[in-house]
Structure formats: structure tokens, C-alpha cells
Amino acid sequence: MTRPLVAIRSVAKNFGEFQALKNVSLDVWPGEVMCLIGASGSGKTTLLRCINQLATIDAGGIWLDGELLGVREQGGKLHRLSEREIGRQRLKTGMVFQRFNLFPHKTALENITEGPTQVQWRKPDEVRAEAIELLRRVGLAAKANSYPAQLSGGQQQRVAIARALAMKPMLMLFDEPTSALDPELVGEVLAVMKELARTGMTMMVVTHELGFAREVADRVVYMDQGAIVEQGRASDVLGAPREQRTRAFLSAVI
Amino acid sequence: MKPAPALADGFPDLSGMQIAREPHWFRWFSAALILLVLTAIARAFANGQIEWSYVSRFLTAKVILEGIVNTMVMAVLAMALGIVLGIVVAVMRLSPNPVLKTVAAGYTWLFRGTPLILQLLLWFNLALVFPTIGIPGLWSVRAVDVMTPFLAALLGLGINQGAYTSEVMRAGMLSVDIGQYEAAQAIGMGRLRALRRIVLPQAMRVVIPPLGNEFIGMVKATSLASVIQYPELLHNAENIYYANSRVIELLIVAGLWYLLVVSILTPLQMLLERRFARGTLRLAR
């Protein structure tokens, strides 16, 4: 029996008084492309950030590839992992940010090689060759020596995807990857993501691009007020939603 | 003056006309006035009781040249100590550990809160507090032998500079977008590696102008070490005028040297800024 790559169980996360996640449970299966949709503040981005531990959860547990994230159970208590161990766990996930967050003082190529050489301590020659191949995959082979400021938003986001892929993650997390882009640049980023989905990468995508969700997602999860309201096949959730709140959201965005 | 020929639709034809150069009478007038004042000041000094021959004679005297070398050695070493301390303290200040945070804040409070000259005198007179320094029973030295003017000046200036530099560094690190920390974490970097590889290089661009300022301040602050007998420029100039009573002449000699050094430092700072501006739009285009 296959086990879920990500198992989220009864996760809660609070920011002060605000409950960002309330008792969320979810499985992500290997090779699955999951799109998380919902209004801003619904908790979808927070859920993604909890999976790669940019945010720490207040209750519940998240298992990635069978390993409990962020804490270790010992003597009936949970002990936080050291920064080093959390860093090691993070290597299993790649994160793509809404605002790209490329390192502005490094070229496109250096952005991609930074993690493999400085964190994984792999051979620079080998990493460089892989980085050039990744740039080719995202259609930016000619921009290897450009600085982020010399690239368009769409190009920057494609470099950011390549940077995340360079760590050879088993799970890719996308946090509204096209929300900060000019409309005419959205397509090129989505194309790269579609290509990635085709190769069998497990992906969790927080997005407002319902067209992309319909076309690429194996499953769509609709969240509202920190909870999962409805999930299922893209055609079902987007085409024939069962819940009233899902219907209201969809009619508002389309 | 004949009016410009009109176009068919009645508007004047402006094609081929140039923008006139304005005479700027007031600029000419004010510049002349300032020149006049400067000339008057120069004349006053020329006719005042200054023996300019002493100035030119002592400008390249061996003792003065040694003084300027000592000044620069001290400024560079103390600034280096200050920058190292400043980075360490700024990182401590921004760490989640409350002990490190408090220690860092306390250090800044103590060394910014007391006059530099007082700190120099304290270091120099440390032997009054601790006649011997060392590990009891194992090893010890007499404090007066260790605490030379050089060491006292280095510790006094460097540790004081560290307190100021830490705030400059902290400002630089805070100026780096939080997304940069997150992106560094997302590729598995720990806090210190993210600081060294990602945040500090970007902070440098911001901190170099204020650090240049601090270094220029340091060059001049070394003159305070004259009170603890460190043979820097001002101290040596004073020693000469104690002997020959040419007070103003030697102060002018020292002043000219300080001006020269600071004038050389400014273009050096611009070179450094360009080095750390990699990837910014201004350079990229």
C-alpha cells in the first residue's frame, strides 16, 4: 500500500487571537498535483508555510515521507528539533514564493547553485552542469549570467522554480506563484509548472488560477476561514461544488 | 524682436528654436562675494603671526610622517576590530536568544554611553585596578607591561567603535527583505549561513556609506589617543611644539595631513560601494 507523501493531521496554527488553521487534516499522495484555492486569509498559504516550517504549528502533526516535521516525541512530550535538523527536513521540499525572493546579488546561475554547493556540499562542476540544464528546462539558458534585476517577473519566477528544483526535492510547494506577475507573464510560469507536473513531481499549489487548476490539478482543495471546506477532483470541485461556500467563492472569482 | 512666424493654424512655429541660456546674475554675484571673503581670510592668515616656513618644513618631518603612519595603523586596526565586534553584536542583537540579545544591548549601552576619552584613560590605567593579569597560580603578567599605549588605544577605540558599528550593521540587516531569509531557509540554510551568504552581502551595500563615515570619524578619533601617549599624528605635532613653541604652525601641519587622508578615503569608499552594488539596477543597465 502506498502511503501519503504528506500527512497532515489535526493541525492548528494561531497568530495571536487569529486562528489561521483550525484542525486541518489532509493527505498528499506521491505524484499528485494539488491546488489549494480560497479567499485571502483562508489559511492556504499558512498551510504551505507550515509544511516547509517557515511557520511552526501550534497543534497536530505533519509527516513528510513518513517523518514527523519540526518536533521529536520523547517521554510523552514533543521536543523541537534543532535548526540543523529542520534544515535537513526542509531539503525534501522546494518552495516557490509569490514574490520570487531571488538573491539579488547573485546571477540566475548562482541563485540555482547556491543551495546545492553551500548546503548540500555537492561538487561545483556537477552542480553547475545541472543548473544549466535546469535553466534550459525553464527556457532561460541564455540568462544564466543575468542578475534578477535584469529579468522580467516571469523570468525571475522561472529561475526561482529552477532554484527550488536544484535541491532535488520530493515535494514542490508553490505559494501563489503568479499573483505578483503582469498578466502577460503568467502563462510562461504556468507552462513551466505544467511541464513539471507532467514529469510526475508531487506539487501543492496555492493559486487563484482556476484555469490552471482545472487543467493540471489531480485534486482541488477549497479552504475558508482556516478549514478545508471541500476537496475532490478538479472537475467536481470547480464544476459542480457541493458546498454553498465553495459555490459562493467560485461565483465571486469567475 | 519680430514675432515667430505663425503656422497655418495660428500657433507660432517653434521648430528649430533653442532653449536660451539664462545669465544667472545672482550666481555670479554670490560667487564673487565668497571669493572676496576667502581672499580676505587668506590675507589675514598670510599677514598673521604664522611662520609659514615652519609649516612647510615640518610638513614632511620624520616625526610627523611617523605620526601619520601610526595614526593610519591605529585607525585601520581599531576599525577592523570595531567591524568584527559590530557584526557579532548585531547578529547577537537580532538572535532569538534573550541572553545574547541582552548582552549585546548592554554592550552598546555601556560603550556608547561613556565618553571615548574616558574609556581610553580607563584602559590605559587598568593597572591601577588589576596590578597583575593572568590565571591565578598558573601564569600572570604585570598589567603595566601589557597595557602599552598602543594596546590601550586599540582596545579603547576598537571596542567603542564596535558599539556604534553594531547599530550600523543592525540597520543594514534589517534593510534586507524578510523574504530573503525565508528563501535562504527554504533551500535548507541555517540562520548563520543565511546571514553570511545572503543577508550580509546585501546589507553591505546599505552600510558602506555610514561605515565610511565612521572610518573617517575613526581617523580623527585616533587623535584622542594622544592623551595616553600613543605617538600618533597630533601627539607628535604637540611634542614638537612643546619644544619649539610653534603651536599654530604644527597644528596646521597636522590638520593638513588629516585633510589629505580623508580626501583620499572618499574615492576609496566609492570603489567599495561599486563592488557591493552587484545586481542592482543602477549597475546592471
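Those sequence lines, one after another, are chains A and B.
Residue numbers for the first sequence follow UniProt numbering, so the first one is 1 and each next one is one higher.
Residue numbers for the second sequence follow UniProt numbering, so the first one is 1 and each next one is one higher.
Using N, Cα and C, we set each Cβ at its ideal position, and we do this for glycine too.
Cβ pair Ile198/B, Gln180/B closer than 9 Å: Cβ distance < 9 Å, so Ile198/B and Gln180/B count as in contact.
Asn23/A vs Val6/A beta-carbon contact at 9 Å: no
Chain-order list of residues whose beta-carbon lies under 6 Å from that of Gln19/A (same chain, five-residue window excluded): The residues are Gly226.
Range of the contiguous beta strand (DSSP E) that encloses Gln231/A: Where Gln231/A is concerned, the enclosing beta strand (DSSP E) starts and stops at Ala227 to Gly232.
N- and C-terminal bounds of the beta strand (DSSP E) containing Tyr230/B: Looking at the DSSP string, Tyr230/B is not in any beta strand (DSSP E), and its letter there is neither H nor E.
Chain B contacts made by the stretch 163 to 175 of chain A, where a contact means CB separation under 9 Å: Arg163, Ala164, Ala166, Met167 and Leu173
Members of the stretch 174 to 188 of chain B that neighbour chain A once the beta carbon cut-off is set at 7 Å: Gly179, Gln180, Glu182, Ala183, Gln185, Ala186, Ile187 and Gly188
Whole-angstrom C-beta distance between Phe276/B and Arg196/B, which should lie under 8 Å: Arg196/B to Phe276/B, Cβ: 15 Å. No contact.
9 Å Cβ cutoff met for Leu109/A and Arg128/A: yes
Beta carbon of Ser25/A nearer than 9 Å to that of Gly70/A: no
Residue from Gly239/A, Glu230/A, Ala234/A and Ile132/A with nearest C-alpha to Arg245/A: Glu230/A
Reference Met95/A, options Glu133/A, Tyr222/A and Thr46/A, closest by Cα: The alpha carbon of Met95/A has as its nearest neighbour, out of Glu133/A, Tyr222/A and Thr46/A, the alpha carbon of Thr46/A.
Test: residue 287/B CB closer than 9 Å to a CB of chain A: The question about residue 287/B has no answer, for chain B in this structure spans 1 to 285.
As assigned by DSSP and simplified to three states, the class of Thr132/B: strand
Thr202/A - partner residues in DSSP beta bridges: Leu171/A
Assigned exposure category for Asn145/A - 16 Cβ within 10 Å defines buried: By the Cβ neighbour-count rule, Asn145/A is exposed, with fewer than 16 other Cβ atoms within 10 Å of its own.
Separation of Ala131/A from Ala141/A, as counted between CA atoms: 9 Å
Three-state secondary structure (DSSP) of Glu73/A: strand
Identity of the residue in Arg191/B, Thr165/B, Leu77/B and Gly137/B nearest Asn213/B by Cα: Thr165/B
When Pro104/A, Leu36/A and Met201/A are compared against Arg219/A, the one with the closest alpha-carbon: Nearest of Pro104/A, Leu36/A and Met201/A to Arg219/A, Cα basis: Leu36/A.
Other residues of its chain near Gln98/A: CB distance less than 6 Å, five sequence neighbours each side excluded: Asp175, Glu176, Ser179 and Ala180
Under 7 Å by beta carbon: chain A residues contacting Ile198/B: Residues of chain A passing the Cβ test: Phe103.
Test: Gly255/B CB closer than 9 Å to a CB of chain A: no
CB contact flag (Val189/A, Ala162/A, <9 Å): no
Any C-beta of chain A under 9 Å from that of Phe29/B: no
Distance, His79/A Cα to residue 303/B Cα: Not covered by the structure: residue 303/B. The range shown for chain B is 1 to 285.
Cβ of Val159/A within 9 Å of any chain B Cβ: no
First and last residue of the uninterrupted beta strand (DSSP E) at Val69/B: Per DSSP, Val69/B belongs to no beta strand (DSSP E); it is in the alpha helix (DSSP H), Lys62 to Arg93.
Given residue 261/A as reference, the closest of Thr2/A, Arg3/A, Arg9/A and Arg88/A once Cα atoms are compared: Limits of chain A in this structure are 1 at one end and 254 at the other, which puts residue 261/A out of reach.
For Leu271/B, the three-state DSSP class (helix, strand or coil): DSSP, read as helix, strand or coil, puts Leu271/B in helix.
Where Ser47/B falls, given that 16 or more other Cβ within 10 Å makes a residue buried: The displayed chain sequence assigns Asn, not Ser, to residue 47/B. Flag for Asn47/B reads exposed.
Spatial neighbours of residue 255/A in its chain, beta-carbon cut-off 8 Å, leaving aside the 5 residues before and after: Since the first and last residues shown for chain A are 1 and 254, residue 255/A lies out of range.
CB contact flag (Trp29/A, Thr202/A, <9 Å): Yes.
Where Val119/A meets chain B, residues with beta-carbon distance less than 8 Å: Ile187, Gly188, Met189 and Arg193
Beta-carbon proximity list for Phe234/A, same chain, < 6 Å, skipping 5 on both sides: The sequence given here has Ala at residue 234/A, not Phe. So the qualifying residues of the chain are Ala213, Arg214, Ala217 and Val220.
Residue-level contact to chain A via CB, Arg274/B, 9 Å cutoff: no
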